[in-house]
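Below is one structure, written out as structure tokens, with a few remarks after it.
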Amino acid sequence: MTKQRGRKRKFSECKENMPPKIRIDRTKIVLNEQDWMPAAATEFYNSKHYERLRNELALVDNDIVFFGPFRKLKENSDVNGVELIMLDREPSDLPEMQTFMKCGTGRYSFWRDEPSERNPVVMFLDQHTCPEVTVVGNKVEHAIHHLCMRVSKYQDNTKEIKEAISTILDILGDNAMKDEIARVIRNRKRETIVGIVGPGLLVGELPRGGSRYRVMDDAQNPNIESLLRCLKHVPFPKQQDTVVDIIDSLMGDFTVYNDEGFYGNGLELGHLLFLANHKSVSNQALILLQTAYQLLKRNDFITILKLTLELRDH
184 MTKQRGRKRK FSECKENMPP KIRIDRTKIV LNEQDWMPAA ATEFYNSKHY ERLRNELALV
244 DNDIVFFGPF RKLKENSDVN GVELIMLDRE PSDLPEMQTF MKCGTGRYSF WRDEPSERNP
304 VVMFLDQHTC PEVTVVGNKV EHAIHHLCMR VSKYQDNTKE IKEAISTILD ILGDNAMKDE
364 IARVIRNRKR ETIVGIVGPG LLVGELPRGG SRYRVMDDAQ NPNIESLLRC LKHVPFPKQQ
424 DTVVDIIDSL MGDFTVYNDE GFYGNGLELG HLLFLANHKS VSNQALILLQ TAYQLLKRND
484 FITILKLTLE LRDH
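Counting from 1 along the sequence shown, just add 183 to a position and that's the residue number in the working numbering.
Below is the structure:
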């Protein structure tokens with residue numbers, strides 16, 4: 184008599200790897216890095232144009248809100264460490280992110296590749312199901328310039344909006360901003376591996392040389408972004424299971440990649456799954472990112488990851 188094989192468990196079914204149900208006591212957490220205030224935020228807040236730019240931005244986009252590090256600066260509070268990095272945090276903010284400005288079409292965040300990063304780049308995330316992440320510079324002023332350029336392309340801009348954009352660009356120095364932004368983006372591309380998400384990956388090199396990211400050919404690389412968008416729209420659990428099965432298969436491959444020293448692939452997939460903010464892949468995101476951060480020695484990000492998952496309603 185042939186013995187039947189037991190059904191192989193999915194990563195999503197591994198209860199021992201599920202996010203903890205007991206809330207983490209933040210008062211007992213001490214991160215390795217204590218200073219989470221980006222220098223670029225302080226410089227902008229203390230600049231002579233801060234108030235005027237804020238007033239003009241309100242005319243360009245009435246949904247503009249400065250928060251996170253700017254709330255600390257405005258309130259002159261002593262919030263730091265874990266409380267600062269978690270201040271006004273979004274449930275889909277990756278551990279690398281520290282969001283500081285929201286607008287009608289998305290949000291702007293500082294992006295640290297490593298917890299100790301002192302000069303983080305600035306990213307824009309749109310409002311797609313799986314957000315596109317775009318490098319826009321490394322200053323708050325670069326984010327403001329990016330916003331103005333986006334809004335200036337709208338067909339129905341009022342005279343007031345056009346005048347406000349013109350005023351902002353005069354204050355910032357349009358040509359100087361464009362040159363600075365281009366330089367930051369150029370350097371970013373040179374320093375990182377271009378990943379699916381957008382900001383690129385800083386994952387170092389193997390001891391024998393070569394990147395810790397393995398480029399997959401088209402046959403191995405399904406369009407994960409499209410699959411994750413499907414999760415939000417497919418009406419039947421069976422269809423969702425099909426997507427999850429593909430992701431679970433990739434996770435098995437990336438476990439082998441980790442053993443071979445290619446840590447970047449798991450980090451990249453973990454980023455995508457986390458940004459999708461869907462309950463059916465939350466466990467996979469936790470497993471992938473926690474493993475990647477451990478291997479890359481970015482342990483503060485593991486704590487931030489778990490705290491951010493607590494903000495979700497699933």
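For each residue, glycine too, the CB sits at the ideal point set by N, CA and C.
Quick check on residue i: does DSSP put it in helix, strand or coil?
i, result
"residue 386", "coil"
"residue 284", "strand"
"residue 308", "strand"
"residue 316", "strand"
"residue 398", "coil"
"residue 291", "strand"
"residue 376", "strand"
"residue 187", "Since pLDDT at residue 187 reaches only 45, below the 50 mark, its modelled position is unreliable, and no value is offered."
"residue 426", "helix"
"residue 227", "helix"
"residue 417", "coil"
"residue 445", "coil"
"residue 437", "helix"
"residue 248", "strand"
"residue 321", "coil"
"residue 210", "helix"
"residue 466", "helix"
"residue 407", "helix"
"residue 367", "helix"
"residue 205", "coil"
Just to confirm my understanding: we take residue i, look at its own chain, exclude 5 residues before and 5 after, and list those with CB closer than 7 Å. What are they?
i, result
"residue 415", "312 and 461"
"residue 395", "386, 387, 388, 389, 444, 445, 446 and 447"
"residue 371", "304, 318 and 383"
"residue 253", "224, 228 and 283"
"residue 482", "215 and 476"
Going by beta carbon distance, what residues of the same chain come within less than 8 Å of residue i, once the five residues before and after it are set aside?
i, result
"residue 209", "265, 266, 269 and 490"
Report the rounded CA-to-CA distance for residue i versus residue j, giving the unit in angstroms.
i, j, result
"residue 240", "residue 214", "35 Å"
"residue 354", "residue 232", "8 Å"
"residue 212", "residue 486", "8 Å"
"residue 274", "residue 494", "5 Å"
"residue 293", "residue 303", "6 Å"
"residue 365", "residue 206", "43 Å"
"residue 363", "residue 247", "23 Å"
"residue 263", "residue 249", "18 Å"
"residue 328", "residue 357", "8 Å"
"residue 186", "residue 420", "Low confidence applies here, because residue 186 scores a pLDDT of 44, under 50, leaving its location unreliable; read the following figure in that light. Their backbone Cα atoms lie some 30 Å apart in a straight line."
"residue 229", "residue 237", "13 Å"
"residue 457", "residue 465", "7 Å"
"residue 261", "residue 255", "8 Å"
"residue 343", "residue 330", "16 Å"
"residue 216", "residue 284", "23 Å"
"residue 469", "residue 299", "22 Å"
"residue 291", "residue 408", "21 Å"
"residue 453", "residue 433", "11 Å"
"residue 338", "residue 345", "11 Å"
"residue 439", "residue 279", "25 Å"
"residue 271", "residue 251", "5 Å"
"residue 418", "residue 406", "20 Å"
"residue 437", "residue 424", "20 Å"
"residue 479", "residue 340", "46 Å"
Thinking C-alpha only, which one of the options is nearest residue i?
i, options, result
"residue 377", "451, 474 and 271", "451"
"residue 492", "422, 432 and 277", "277"
"residue 310", "375, 325 and 286", "286"
"residue 234", "369, 340, 288 and 324", "324"
"residue 398", "449, 322 and 259", "449"
Give me, in chain order, the residues of the same chain whose beta-carbon lies closer than 6 Å to that of residue i; leave out the 5 immediate sequence neighbours on both sides.
i, result
"residue 125", "Outside the modelled stretch of the chain, which goes from 184 to 497, sits residue 125, for which no answer is possible."
"residue 320", "305, 364 and 367"
"residue 459", "313 and 411"
"residue 504", "Coverage of the chain is limited to positions 184 through 497, which leaves residue 504 absent and any answer about it impossible."
- request: Would you be able to state if there are at least three C-beta pairs under 8 Å between the segment 369-385 and the segment 338-353?
  value: No contact exists between the segment 338-353 and the segment 369-385.
message: Count Cβ pairs between the segment 324-340 and the segment 228-247 that sit closer than 8 Å; are there 3 or more?
response: Because the criterion of three Cβ pairs below 8 Å is met, the segment 324-340 and the segment 228-247 touch.
message: For the structure I just gave you, are there three or more beta carbon pairs, one from the segment 215-223 and one from the segment 283-298, closer than 8 Å?
response: Contact holds: three or more Cβ-Cβ distances are below 8 Å.
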